[in-house]
Structure formats: structure tokens, C-alpha cells
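Per my numbering, residue 362 is the first one in the sequence shown, and the count goes up by one each step.
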Amino acid sequence: MKIRLLDTRTGQFVLEDPEKTDFAILSHVWDQVNGEQSYQDFRRIQSSYNAQGQLYFSRLPIAVTRRAFHKAVAPNVRRIRLFLTHQSATQSVLQFIIRHMMVIHYFWWTWFLHLFSIVEDASLAVFTLHLNFLSFPTVLAFVLGISLPSAFLLTILGIFTIWDDPDLSSKIREACRVTREAGYRYL
Numbered sequence: 362m363k364i365r366l367l368d369t370r371t372g373q374f375v376l377e378d379p380e381k382t383d384f385a386i387l388s389h390v391w392d393q394v395n396g397e398q399s400y401q402d403f404r405r406i407q408s409s410y411n412a413q414g415q416l417y418f419s420r421l422p423i424a425v426t427r428r429a430f431h432k433a434v435a436p437n438v439r440r441i442r443l444f445l446t447h448q449s450a451t452q453s454v455l456q457f458i459i460r461h462m463m464v465i466h467y468f469w470w471t472w473f474l475h476l477f478s479i480v481e482d483a484s485l486a487v488f489t490l491h492l493n494f495l496s497f498p499t500v501l502a503f504v505l506g507i508s509l510p511s512a513f514l515l516t517i518l519g520i521f522t523i524w525d526d527p528d529l530s531s532k533i534r535e536a537c538r539v540t541r542e543a544g545y546r547y548l
């Protein structure tokens, strides 16, 4: 019989035989005020990382990658139509965008993520990122939900691991660190 353990190197769950595998068991106190990070939340975080615990599309900031996997929110069509009643050309373009929001969202992120996944050289990635941000600075800041200097800086820094994820509970991060330092791989 195998049990589910947390690999403290990769941050992924694994199934191992408890008879043949050394693992740590840590006790903890349940946080009555804030609660604990749920299994579902942790699995959502894990889904952004590969089997080695590295962020998919690792040259992009975490917020950017996670935003790419979320469904696009459709804007309020009635409000836009009311605002642009006398701007027929602009209204036509916006109606096209609104009607095809999911397709545009899909192609935008496919292009954006593909661009950075094929760029292996960090200096080339920074150069490419810099050119794209110069072309659409306002749009990108709005769409990505992060500041351009942050995106630029985080891209230079390179690969992110699950342990760098800002959404990961500090309790899980710390438990895995203690387990690794004690010489165990699994928790």
C-alpha cells in the first residue's frame, strides 16, 4: 500500500511505499484564526509547476503565468455601447473585440507565452521582453496586472521554484525546509 507524501525538493505529491521510504512526520497546531492552506489551494499552486518544481514558462513572473491560465473576464457590453454611441468606428472595433474576447485572450497568451518559452538565452529574453513592453506599455501593465519594472526585473532573475511562490503558505514552506535540513526528502 502506498501513501501520499510531499516531496520537499519539488513541492509535488508522490505515492511511496511507507515500508521502503524514509519520511518525516511533523506535528503542528491548527491556526484557529486564519485557518490553513487547503489541499485544493496547494494543488492549484502545484499546477503552475513542472515535476521538478520549476515554474512553467519560467522566464515569466509567477503573476503573469498564473494570469495566463485564468479565464478572461468579459467587459460590460451595455456600458461600453452607451459610452460610445457616437463613435461608430471605435464601437465596431470594440464590438468585434468583445464578441471574440475568448479567442483574442487565447491567441494573446499563446503568442506571449510561446515567445518566452522559446527564448533560452536570458539576455535575449530581456531584449525581447523590453521590445514588447516598449510597444504596448499601458496595455501590458493593465493586462498583466503587474508593474512593468517588476515584470522586467523578475524575467531577468530567471527560474522560479514553488518555494518562491507568493501564494504558498509560509507554514508549508517552513515545514519543507525543516524536513530537508533534517535530511529527509519526504514529508
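We put the beta carbon where it would ideally sit given N, CA and C, even for glycine.
Per-residue DSSP class, three states only, for residue i
i      : result
Glu377 : strand
Tyr545 : coil
Arg534 : helix
Val539 : helix
Residue i Cβ short of 8 Å to the ligand COA heavy atom set
i      : result
Ser388 : Judged by which ligands are present, the structure shown has none, so any question about the ligand COA falls away.
One or two residues paired with residue i in a DSSP bridge
i      : result
Leu367 : Phe374
Phe403 : For Phe403, which the question treats as bridged, DSSP gives no partner whatsoever.
Residue from the options whose Cα sits closest to the Cα of residue i
i      : options                           : result
Ala412 : Gln401, Thr371 and Glu397         : Thr371
Arg404 : Gln373, Ala385, Thr369 and Phe384 : Gln373
Pro401 : Asp528, Gln393 and Ala536         : The residue you asked about is not Pro; residue 401 is Gln in the sequence shown. Ranking the options by Cα distance to Gln401, first place goes to Asp528.
Arg538 : Leu367, Thr382 and Ser408         : Leu367
Ser408 : Arg546, Ile523 and Arg541         : Ile523
Check whether residue i and residue j have beta carbons under 9 Å apart
i      : j      : result
Asp526 : Ile406 : yes
His389 : Ala543 : no
Asp590 : Arg546 : In this structure the chain extends from 362 to 548, so residue 590 is not present and cannot be described.
- [ ] Specify whether the stretch 375 to 382 and the stretch 527 to 538 touch according to this definition: at least 3 beta carbon pairs, one from each stretch, less than 8 Å apart.
- [x] Contact between the stretch 375 to 382 and the stretch 527 to 538 is absent, because fewer than three Cβ pairs lie under 8 Å.
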